[in-house]
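Data block below; observations after.
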């Protein structure tokens, strides 16, 4: 319960920072880092695929609704929901691999969300979506998102890890757990 509430608060804060601060900053290439996506990926990687999908859907829907949204309602919610689900589905292989895998998942999610958002725009007939536009926006979005990713992923991981229950925390208090078995 506490973990899901914390995940919802983290996604809400990321969405507000994304729409109120980041989207209004004058960035060099006209695009900024995707804080909401990074938060959804971090939540999905520390919880489950379903929680990641729900966080992605709700975060994406909020971004679709909040100004300065200039696209169809649900477009970002769909791709962020899929990204959250896939990041959560990769949780077990990544938890065993460790290292830089979270950044790889974040990079794949960033590229996937950008391409997916453009793909949904093509399907819906958005005349602003062109191949040149997508290829011009993808590299700077990926670069800026990956630059800020340690400052989003690690704090979200840390906060969510603090809410996990450790089922084995009392094992060390038993006389037989630390090699104290009498032979």
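Numbering (my numbering), first residue to last: 94 to 276. Every residue gets a Cβ at the ideal spot worked out from N, C-alpha and C, and that includes glycine. All of these numbers come straight from a predicted model, not from anything done at the bench.
Query: Straight-line Cα distance separating residue 177 from residue 196; Result: 14 Å
Query: C-beta contact flag for residue 152 and residue 172 at 9 Å; Result: no
Query: Close Cβ partners of residue 159 (< 6 Å) along its chain, the five nearest in sequence each way excluded; Result: 112
Query: N- and C-terminal bounds of the alpha helix (DSSP H) containing residue 167; Result: Here residue 167 belongs to no alpha helix (DSSP H), and DSSP marks it neither H nor E.
Query: Residue 111 at chain C interface by Cβ criterion, 9 Å; Result: Any reference to chain C falls outside this structure, which holds one protein chain only.
Query: N-terminal and C-terminal residue of the alpha helix (DSSP H) that residue 119 is part of; Result: No alpha helix (DSSP H) holds residue 119; DSSP gives it neither H nor E.
Query: Limits of the alpha helix (DSSP H) - the one that residue 252 falls within; Result: 224 to 254
Query: Integer Cβ distance of residue 239 from residue 199, believed to fall under 8 Å; Result: 7 Å
Query: Host alpha helix (DSSP H) of residue 218 (start-end); Result: It is not in any alpha helix (DSSP H) - residue 218 carries neither H nor E in the DSSP assignment.
Query: Residue environment, residue 234, which counts as buried when at least 16 other CB atoms sit within 10 Å; Result: buried
Query: Close Cβ partners of residue 142 (< 6 Å) along its chain, the five nearest in sequence each way excluded; Result: 178, 181, 182
Query: Counted within 10 angstroms of its Cβ, other Cβ atoms place residue 106 as buried (16 or more) or exposed; Result: exposed
Query: Local Cβ density within 10 Å of residue 258, reported as buried at 16 or more and exposed below that; Result: exposed
Query: Residue burial classification, residue 156 (beta-carbon count within 10 angstroms, cutoff 16); Result: buried
Query: Beta-carbon contacts of residue 125 that lie in its chain and below 7 Å, excluding the five residues immediately before and after; Result: 115, 116, 118, 237
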